[in-house]
Structures are given as structure tokens and as C-alpha cells.
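Undergrad: The sequence shown begins at 3 in the UniProt record's numbering and counts up one residue at a time.
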Amino acid sequence: ENLNEIRKGLVGVVADVSAVSKVMPETNSLTYRGYAVQDLAEHCSFEEVAYLLWNGELPDAAQLADFRKEEASNRAITPALHQVIRAFPHDAHPMDAIRTAVSFLGLEDPDTADTSEPATRRKAMRLLARIPTAIAAAHRASKGQAPVDPDPSLSFAENFFHVVLGKVPAPEVVKAFDVSLILYAEHGFNASTFTARTVTSTGADLHGAVTAAIAALKGPLHGGANEAVMHMLTEIGSPEKAADWLRGRFDHKALVMGFGHRVYKNGDSRVPTMTRYAEKMAEVVGDRRWMEMSRILAAEMLEKKNIHPNLDFPAGPAYHLMGFDIPLFTPIFVASRITGWAAHVIEQSADNRLIRPLSQYTGAAQRELPHR
Ligand code: CMC
Numbered sequence: 003e004n005l006n007e008i009r010k011g012l013v014g015v016v017a018d019v020s021a022v023s024k025v026m027p028e029t030n031s032l033t034y035r036g037y038a039v040q041d042l043a044e045h046c047s048f049e050e051v052a053y054l055l056w057n058g059e060l061p062d063a064a065q066l067a068d069f070r071k072e073e074a075s076n077r078a079i080t081p082a083l084h085q086v087i088r089a090f091p092h093d094a095h096p097m098d099a100i101r102t103a104v105s106f107l108g109l110e111d112p113d114t115a116d117t118s119e120p121a122t123r124r125k126a127m128r129l130l131a132r133i134p135t136a137i138a139a140a141h142r143a144s145k146g147q148a149p150v151d152p153d154p155s156l157s158f159a160e161n162f163f164h165v166v167l168g169k170v171p172a173p174e175v176v177k178a179f180d181v182s183l184i185l186y187a188e189h190g191f192n193a194s195t196f197t198a199r200t201v202t203s204t205g206a207d208l209h210g211a212v213t214a215a216i217a218a219l220k221g222p223l224h225g226g227a228n229e230a231v232m233h234m235l236t237e238i239g240s241p242e243k244a245a246d247w248l249r250g251r252f253d254h255k256a257l258v259m260g261f262g263h264r265v266y267k268n269g270d271s272r273v274p275t276m277t278r279y280a281e282k283m284a285e286v287v288g289d290r291r292w293m294e295m296s297r298i299l300a301a302e303m304l305e306k307k308n309i310h311p312n313l314d315f316p317a318g319p320a321y322h323l324m325g326f327d328i329p330l331f332t333p334i335f336v337a338s339r340i341t342g343w344a345a346h347v348i349e350q351s352a353d354n355r356l357i358r359p360l361s362q363y364t365g366a367a368q369r370e371l372p373h374r
């Protein structure tokens with residue numbers, strides 16, 4: 003036993019095989035089931051990508067129509083869940099709200115404890131469809147607004163706007179949102195996915211795995227960073243102040259949110275695509291301030307620290323420009339990543355071995371109990 007063998011944070015540890023996605027730091031690239039994520043984002047819908055992640059292949063027209071129909075017809079949540087959501091404290095963080103709502107959906111699900119693959123797939127579809135409804139109901143309740151019923155005639159992305167804001171924006175805004183969902187859908191053994199796989203490895207069910215994954219995603223070092231980015235930009239306030247503000251952060255050796263990545267050290271392939279769509283949103287809204295600030299921060303971080311932005315950096319201002327309140331940003335990540343989590347849960351279950359690492363003990367030496 004040698005302390006040097008311990009990989010703190012499991013840095014560089016290959017924990018298992020996976021056929022879902024491939025993260026390639028040497029080329030800063032990411033593929034889902036073999037397809038480059040930037041190509042999927044540009045040319046596919048989120049529903050097609052969800053199908054791809056769950057089935058290994060892109061759907062043909064009939065398969066996609068069935069998938070869309072299945073998702074659209076499963077969006078409603080029960081009066082019981084609406085009642086639970088109304089009982090949440092109004093200042094509850096939406097990530098805590100959706101974590102609790104997913105746990106409750108598990109109580110209601112007819113297949114809850116059935117961990118067979120067909121049951122897990124049915125449950126995953128129901129979660130994919132209902133998570134936006136629950137996120138929106140909780141968010142609206144916190145603002146004293148009545149929930150909006152999901153509309154099965156709308157796409158996943160359109161319906162998200164509909165249930166949260168009560169209206170569907172212009173197609174270019176919906177496309178930018180759909181792109182963000184595709185880019186957020188899956189990312190190898192990140193902390194929340196590994197959490198979901200660990201829970202699954204004990205033989206526990208999908209709702210348990212997803213509830214735990216949401217808890218992991220909330221943290222500011224993981225999904226919570228997209229909210230932190232927008233708080234940071236709001237605090238900076240204007241492009242002229244960006245460089246000075248950043249210098250202050252450097253002086254305090256503080257983290258700058260939306261920068262750095264455990265795996266990508268030379269840039270994240272999702273960033274150029276998301277930045278382009280965030281720029282489009284700035285044009286549509288006619289508010290260049292956030293992207294201007296972002297450009298200055300990214301240039302300074304690269305020049306002074308050699309650290310590149312991650313996906314959360316352009317996603318934060320993009321969501322703000324689309325009209326979403328900041329506390330919804332990480333729940334949107336949940337609405338997308340449920341696809342990747344479920345794909346990994348299915349994969350883990352199909353070839354399972356309990357995940358149970360070791361620790362090296364550094365506490366008190368073995369000793370006698372005091373006389374009593
Ligand atoms: N701001 C300032 N310095 C940084 C940052 C940052 N965002 N990220 C890394 N560094 C520094 C870090 O302090 C360290 O410096 P030193 O060698 O002097 O100690 C060096 O860069 C290497 O970083 P590390 O701590 O070894 O990196 P890690 O792999 O342990 O952590 C990370 C990765 C993502 C947790 C970290 O970069 C971070 O905290 N970033 C800010 C939060 C963030 O944006 N998270 C989103 C992650 S990606 C998408 C997602 O999951 O949502």
C-alpha cells in the first residue's frame with residue numbers, strides 16, 4: 003500500500019468499458035456512439051440523439067416518429083406530484099426540487115423496482131418526458147404561477163419553453179436550445195454518470211440512480227457551473243470591467259467558473275458550437291454585452307492561465323438570452339443528461355459488477371477500548 007498509488011479524484015483511472023460515448027482529449031473531441039457531437043448538434047434533433055444514445059443507432063423516420071410519440075404522450079405529471087411540488091418551500095433550489103420530484107416519480111412508477119432492461123427503458127422514457135413538466139411546475143410555483151400543461155404536439159425543445167415560459171419562441175431560439183440539449187446529453191464517466199452507475203451496480207433501480215445523479219450534478223464543480231457563469235457575468239456587469247475583475251480573481255487564486263476541465267486540457271469541442279449559438283441569441287435579443295464580456299474573459303484566461311472554457315461557459319449566457327431564469331440552467335442540464343445517465347444505467351446493468359473501491363486507512367492505530 004503506497005500513498006503514491008492513490009489517484010485523488012480518480013484522475014486518469016479507467017473504471018470500466020463503455021460504448022456510449024468517447025472522450026478524446028488529444029483531439030479535444032467527443033463522439034456519441036461514434037458520431038461527432040458537433041455534427042449531431044448541427045444536423046439532428048435532441049429526440050434523434052436521445053434515441054441514438056439509448057439504441058446505439060440513429061432512428062429511421064418511422065422509429066423517430068414512434069419515439070417522439072412515446073415521449074410526447076408521457077409528459078403529464080399526476081395531481082399528487084403537483085401537490086407535492088406546491089408544498090416545496092418557494093425558495094427551494096430548482097435542482098433540489100427536481101431531485102425530489104424524480105424521487106417521487108419513482109414512488110408512482112408502475113415499474114419502480116423492476117430492474118430488467120425493458121422496465122428500465124420504459125422508466126427512462128417516462129423520466130425523459132416528465133422531467134421538464136416537473137422542472138417547470140416547480141419553477142412556476144416558486145414564482146406564484148400556475149403550471150402550464152405540456153403540449154404533445156410540440157417537440158421536446160418547444161415543449162420545454164412552453165411549460166416553463168408559457169410560449170414557444172422563434173425557431174432559431176428553439177434550435178439554439180435544442181443544440182444545447184444535444185451537447186449536454188452525454189459525457190463518459192463524469193461525476194453524475196459515475197454516481198448513477200455506482201448506484202446501479204448495487205442492483206438499485208433507475209429512479210434511485212437518477213436521483214443520486216441529480217444530487218451530484220448540482221455541485222458548482224459539475225453542472226452547477228452553468229449557473230455560476232451567469233452569476234459571474236452579472237457581477238462583472240459590463241465588458242470594460244471584465245479584465246480588472248478577472249485580475250482580482252487571480253490575486254485571490256479563486257476559481258473562474260466555466261473554465262477548466264478534468265479531461266480536456268486544450269479545449270472542449272462542444273464550446274465552439276455552443277458559442278456560435280450563444281452569439282446568435284445575442285443577435286436575436288440585441289444584447290451583445292454578455293458575449294462581449296465572455297470573449298474578454300476567455301482571451302484573458304487563455305493568455306494568463308492557459309485555461310480554456312468548458313461547455314458551461316457559453317451555455318450560461320445562451321440560456322439567459324433565451325429568457326430562462328438562472329436557477330433553471332442546471333435543471334435544463336438534467337432534462338438533457340437523463341438520456342446519457344439512462345444509457346449508462348442500461349450498460350452497467352447488462353454487465354454488472356458491484357463498484358466498491360478501497361481506501362487507505364490513515365486514522366488512529368488500533369488500540370484498546372478505555373476500561374469501563
Ligand atoms: N479557474 C482558475 N483556475 C483553474 C480553473 C478555473 N476554472 N480550473 C483549473 N484551474 C487551475 C487549478 O487551480 C490548477 O492550478 P494549480 O496547478 O496551480 O493548482 C490547475 O488549473 C489544474 O487544475 P485541476 O484543479 O488539477 O483540475 P481538475 O481536473 O481537478 O478540476 C474542474 C477540473 C472542472 C473541477 C476545474 O477546472 C474547475 O473547478 N473549474 C471551474 C468549475 C467548472 O467550470 N466546472 C464545469 C466542468 S465541465 C462541465 C460540467 O461538468 O458541467
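Think of the CB as a built atom: it goes at the ideal place given N, C-alpha and C, for glycine as much as any other residue.
Could you name the residues of the same chain whose beta carbon sits closer than 7 Å to that of Ala159, not counting the 5 residues immediately before and after it, in chain order?
TA: The answer, listed in chain order, is Phe48, Val176, Phe179, Asp180 and Leu183.
Undergrad: Which residues in the same chain have their Cβ closer than 7 Å to the Cβ of Val265, if we skip the five residues on either side of it in sequence?
TA: Closer than 7 Å at the Cβ level, and outside the excluded window around Val265, lie Val25 and Pro27.
Undergrad: Compute the Euclidean distance between the alpha carbons of Gly108 and Tyr279, then round it to the nearest angstrom.
TA: The alpha-carbon atoms of Gly108 and Tyr279 are separated by roughly 35 Å.
Undergrad: Can you have a look at Leu257 and say buried or exposed, based on whether 16 or more other CB atoms are within 10 angstroms of its CB?
TA: So Leu257 counts as exposed.
Undergrad: Taking only runs that begin and end inside the stretch 8-54, name each unbroken alpha helix (DSSP H) of 4 or more residues, in chain order.
TA: Listed in chain order, they are 39-45.
Undergrad: Whole-angstrom Cβ separation of Leu313 and Leu248, contact assumed at under 8 Å?
TA: Not quite, the Cβ-Cβ distance comes to about 20 Å (not below 8 Å), so this is no contact.
Undergrad: Quick one, are the C-beta atoms of Leu323 and Val287 less than 8 Å apart?
TA: For Leu323 and Val287, yes; Cβs fall inside 8 Å.
Undergrad: May I ask which residues mark the beginning and end of the alpha helix (DSSP H) holding Asn308?
TA: Segment: none, Asn308 is in no alpha helix (DSSP H) and carries neither H nor E.
Undergrad: The alpha helix (DSSP H) spanning Ala138 covers which residue range?
TA: Run containing Ala138: Glu119 to Ser144, per the alpha helix (DSSP H) assignment.
Undergrad: Identify the continuous alpha helix (DSSP H) that holds Phe106 and give its terminal residues.
TA: Residues Pro96 to Glu110.
Undergrad: Roughly how many angstroms lie between the CA atoms of Ala320 and Ser157, to the nearest whole one?
TA: For Ala320 and Ser157, the distance between alpha carbons rounds to 20 Å.
Undergrad: Under three-state DSSP, which class holds Phe261?
TA: Reduced to three states, the DSSP call for Phe261 is strand.
Undergrad: According to the neighbour-count rule (16 or more other Cβ atoms, all chains shown, within 10 Å of its Cβ), is Leu356 buried or exposed?
TA: Leu356 should be labelled exposed.
Undergrad: In the DSSP assignment, find the alpha helix (DSSP H) that holds Arg199 and state where it starts and stops.
TA: Looking at the DSSP string, the run of the alpha helix (DSSP H) that includes Arg199 is Ala193 to Ser203.
Undergrad: Looking only at C-alpha atoms, which of Arg35, Met232, Glu370 and Arg142 sits nearest to Ala345?
TA: Of the candidates Arg35, Met232, Glu370 and Arg142, the one whose C-alpha sits nearest the C-alpha of Ala345 is Arg35.
Undergrad: For the alpha helix (DSSP H) containing Asn161, list its first residue and its last residue.
TA: Run containing Asn161: Phe158 to Leu167, per the alpha helix (DSSP H) assignment.
Undergrad: Report yes if the CB atom of Gly205 is closer than 8 Å to the CB atom of Ser20, and no otherwise.
TA: Their beta carbons are not under 8 Å apart, which means Gly205 does not touch Ser20 by this criterion.
Undergrad: Does the stretch 332-348 come into contact with the stretch 302-310, if we say contact requires no fewer than three beta-carbon pairs (one atom in each stretch) closer than 8 Å?
TA: Touching, no.
Undergrad: Label Arg69 either buried or exposed according to how many other C-beta atoms from any shown protein chain fall within 10 Å of its C-beta, with 16 as the threshold for buried.
TA: Arg is not the amino acid found at residue 69; the sequence shown has Phe there. With 16 or more Cβ atoms within 10 Å of its Cβ, Phe69 is classed as buried.
Undergrad: Going by beta-carbon coordinates alone, are Ser203 and Pro154 separated by less than 8 Å?
TA: Cβ distance not < 8 Å, so Ser203 and Pro154 don't count as in contact.
Undergrad: Taking 8 Å as the threshold (C-beta atoms), are His141 and Leu330 in contact?
TA: The answer is yes: Cβ separation under 8 Å.
Undergrad: Taking the Cβ atom as the reference point for each residue, do Glu110 and Ala82 lie within a distance shorter than 8 Å?
TA: Cβ distance < 8 Å, so Glu110 and Ala82 count as in contact.
Undergrad: If distances are taken between C-alpha atoms only, which option among Gln368, Glu370, Pro241 and Thr135 comes closest to Thr336?
TA: Looking at the sequence shown, residue 336 is not Thr but Val. Of the candidates Gln368, Glu370, Pro241 and Thr135, the one whose C-alpha sits nearest the C-alpha of Val336 is Thr135.
Undergrad: For a test of the three-state rule: what should DSSP assign to Asp93, helix, strand or coil?
TA: Coil, per DSSP.
Undergrad: Compare the C-alpha of Glu188 against each of Gln85, Leu66 and Gln40 and name the closest.
TA: Checked all of Gln85, Leu66 and Gln40; the closest Cα to Glu188 is Gln40.
Undergrad: Excluding the five sequence neighbours on either side, which residues of its own chain have a C-beta within less than 7 Å of the C-beta of Ser105, listed in chain order?
TA: Correct list, in chain order: His209 and Thr213.
Undergrad: Please determine whether the Cβ atom of Pro222 lies at a distance below 7 Å from any heavy atom of the ligand CMC.
TA: At least one heavy atom of the ligand CMC is nearer than 7 Å to the Cβ of Pro222, so yes.
Undergrad: Just curious, the alpha helix (DSSP H) that Glu370 is in, first and last residue?
TA: Careful: Glu370 lies outside any alpha helix (DSSP H) and carries neither H nor E.
Undergrad: Which first and last residues belong to the alpha helix (DSSP H) in which Gln362 is found?
TA: Per DSSP, Gln362 belongs to no alpha helix (DSSP H) and is neither H nor E.
Undergrad: For Pro241, which of Met232, Arg290, Phe252 and Lys255 has the nearest alpha-carbon?
TA: Of Met232, Arg290, Phe252 and Lys255, the residue nearest in Cα terms is Arg290.
Undergrad: Under the rule that 16 or more other beta-carbon atoms within 10 Å means buried, what is residue 375, buried or exposed?
TA: A query on residue 375 cannot be resolved here, the shown segment of the chain reaching from 3 to 374 and no further.
Undergrad: List the endpoints of the continuous alpha helix (DSSP H) containing Val150.
TA: Taken as a continuous stretch (DSSP letters only), Val150 belongs to no alpha helix (DSSP H), as it is neither H nor E.
Undergrad: Assuming Glu188 is part of the alpha helix (DSSP H), what are its boundary residues?
TA: Here Glu188 belongs to no alpha helix (DSSP H), and DSSP marks it neither H nor E.
Undergrad: What is the DSSP secondary structure of Phe326, counted as helix, strand or coil?
TA: Note: Phe326 maps to coil in three-state DSSP.
Undergrad: Using a Cβ-based criterion (distance less than 7 Å to any ligand heavy atom), does Lys306 qualify as near the ligand CMC?
TA: Checking the Cβ of Lys306 against the ligand CMC gives no.
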